[in-house]
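Reading through the structure tokens given below for one structure.
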Amino acid sequence: MPKIFVTRRIPDEGLDLLRREFGEAHVIVSPHDRVIRRDELLAGVRGVDALLSILTDTIDDAVMEAAGPQLKIIANYAVGYNNIDVGAATARRIPVTNTPGVLTETTADLTWAILLATARRLGEGERLVRASKWAGWGPMLLLGVDVYGKTLGIFGMGRIGQAVARRAKGFDMRVIYTDVAPLPAETEKALGATYVDKATLLAESDFISIHCPLIPETIHAFGAAEFKAMKKSAIIVNTARGPVIDEEALAEALQRGEIRAAGLDVFEEEPDVHPKLLECENALLIPHLGSATKETRGKMAEIAARNIIARLNGQRPPNCVNPEVL
Ligand code: DGY
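Numbers 0 to 325, taken from numbering that gives the first Met the number 0, label the letters of the sequence shown in order.
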């Protein structure tokens with residue numbers, strides 16, 4: 000029977016599928032409910048046929064080497080897979096899979112929660128109440144900005160960007176977006192979204208929401224120059240990957256009032272947050288909760304398990320990101 004190593008406990012929807020298919024004893028879940036240490040990871044993968052990884056694990060060539068030549072699949076429990084050296088996996092002819100689709104709407108919901116909470120200063124309001132400093136209703140207390148009728152700029156118009164754009168209709172917003180290429184005309188029409196270049200997105204958006212993957216071209220796509228090019232009243236939201244924003248530059252832009260506020264679900268060095276950002280009252284900071292609902296995390300676990308089951312049964316894993324190895 001093949002052996003599967005799971006680097007951290009995931010919802011039972013996935014583990015039960017694997018256990019039913021391969022037997023309880025063959026599904027080894029790291030006993031620590033924390034990010035697995037490098038030495039534990041290298042020891043855990045030894046001799047396994049499948050690795051189920053979490054987005055906080057760095058899966059590089061050394062991990063694949065430690066696993067051994069029988070490793071047949073790396074199934075990531077996330078839609079993003081920037082934590083895996085896909086090039087190294089491809090060179091070893093190991094398929095890498097992710098969990099697309101099921102977290103699209105959930106992540107779009109959280110993006111809107113953050114956008115609204117940032118615009119209406121809910122983080123500051125909550126802190127005020129909890130600190131017992133609220134002196135009652137005030138005409139000038141924590142005035143935010145309206146969301147409806149404004150311009151939403153979407154940076155990266157894939158599945159999640161489009162789901163965010165659909166929700167903007169309910170707020171009567173103008174939606175502009177940028178990506179490597181425009182969407183087909185009928186998709187743009189259905190979304191009511193207009194393709195623009197990055198400079199226009201920066202200049203015209205009241206809210207910018209980031210939904211691109213983390214690839215070399217998107218690292219620090221938002222830095223000092225971008226913040227200077229945005230409206231002083233603009234709010235930036237990131238539920239994609241932390242390194243798309245230069246956090247030091249963002250903190251400085253927030254402190255200097257170059258932009259109004261930021262709502263962040265992801266950070267450059269999770270779980271560390273840049274100390275200057277922690278000092279910014281106008282930054283809403285959320286601990287990477289984009290896909291964190293019971294329903295979605297269950298579905299993600301099921302997808303990761305189904306990819307492993309397919310591969311170990313000699314079938315095509317449905318969500319392979321390097322299909323050239325199959
Ligand atoms: C993903 O799947 O990439 C998300 O960031 C998890 O929340």
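Note that the Cβ used here is the ideal one computed from N, Cα and C, for glycine as well. These numbers come from a predicted model, not from an experiment.
Check: G79 C-beta below 7 angstroms from any heavy atom of ligand 1: Counting from 1 along the sequence shown, the entry for residue 79 is found at position 80. Yes.
Unbroken beta strand (DSSP E) run spanning V26, endpoints: Within the sequence shown, numbered from 1, the residue matching residue 26 stands at position 27. V26 -> beta strand (DSSP E) spans 26-28.
Cβ-based burial, I308 [other Cβ within 10 Å; buried from 16]: Taking the sequence shown and counting its residues from 1, one reaches residue 308 at position 309. So I308 ends up on the buried side.
For L151 and F206, the rounded distance between their alpha carbons: Residue 206 sits at position 207 when you count from the first residue of the sequence shown. Residue 151 sits at position 152 when you count from the first residue of the sequence shown. One C-alpha to the other measures close to 5 angstroms.
Same chain only: Cβ atoms within 6 angstroms of S232, ignoring 5 sequence neighbours per side: Here residue 232 refers to the residue found at position 233 when the sequence shown is read from its first residue. Cβ within range, chain order: R259.
According to DSSP, residues forming a beta bridge with S208: Here the question's residue 208 lines up with position 209 in the sequence shown. In DSSP, S208 forms a bridge with I153, V236.
Pairwise C-alpha distance: D178 and T217: Taking the sequence shown and counting its residues from 1, one reaches residue 217 at position 218. Taking the sequence shown and counting its residues from 1, one reaches residue 178 at position 179. In a straight line, the C-alpha of T217 is about 11 angstroms away from that of D178.
Host beta strand (DSSP E) of L50 (start-end): By 1-based counting over the sequence shown, the position of residue 50 is 51. Counting along the chain, the beta strand (DSSP E) containing L50 begins and ends at 49-53.
Residue nearest to V236 in terms of C-alpha spacing, selected from G222, D245, G262: On the sequence shown, position 237 is the one that residue 236 refers to. Selected option, being the one with the closest Cα: G262.
Other residues of its chain near T193: CB distance less than 6 angstroms, five sequence neighbours each side excluded: The count along the sequence shown starts at 1 and reaches residue 193 at position 194. Answer for T193: I175, listed in chain order.
Residues sharing a beta bridge with L263, DSSP: On the sequence shown, position 264 is the one that residue 263 refers to. BP columns for L263 point to N237, L284.
Nearest neighbour of P274, chosen from Q254, H287, D145 [CA to CA]: Reading the sequence shown from its first residue, position 275 is the one you call residue 274. Of the listed residues, the one whose Cα sits closest to P274 is Q254.
Limits of the beta strand (DSSP E) - the one that A42 falls within: Position 43 of the sequence shown holds residue 42. No beta strand (DSSP E) holds A42; the alpha helix (DSSP H) holding it covers 37-43.
Beta carbon of G311 nearer than 8 angstroms to that of D15: Against the sequence shown, residue 311 aligns to sequence position 312. Against the sequence shown, residue 15 aligns to sequence position 16. Here the sequence assigns Leu to residue 311, which means Gly is not the residue at that position. No, the pair does not count as a contact, with Cβ atoms beyond the cut-off.
Contact test: L284 Cβ vs ligand 1 heavy atom, cutoff 7 angstroms: Here residue 284 refers to the residue found at position 285 when the sequence shown is read from its first residue. Incorrect: L284 has no Cβ contact closer than 7 angstroms to ligand 1.
Buried versus exposed, by CB contacts within 10 Å (16 or more), P183: Against the sequence shown, residue 183 aligns to sequence position 184. P183 comes out exposed.
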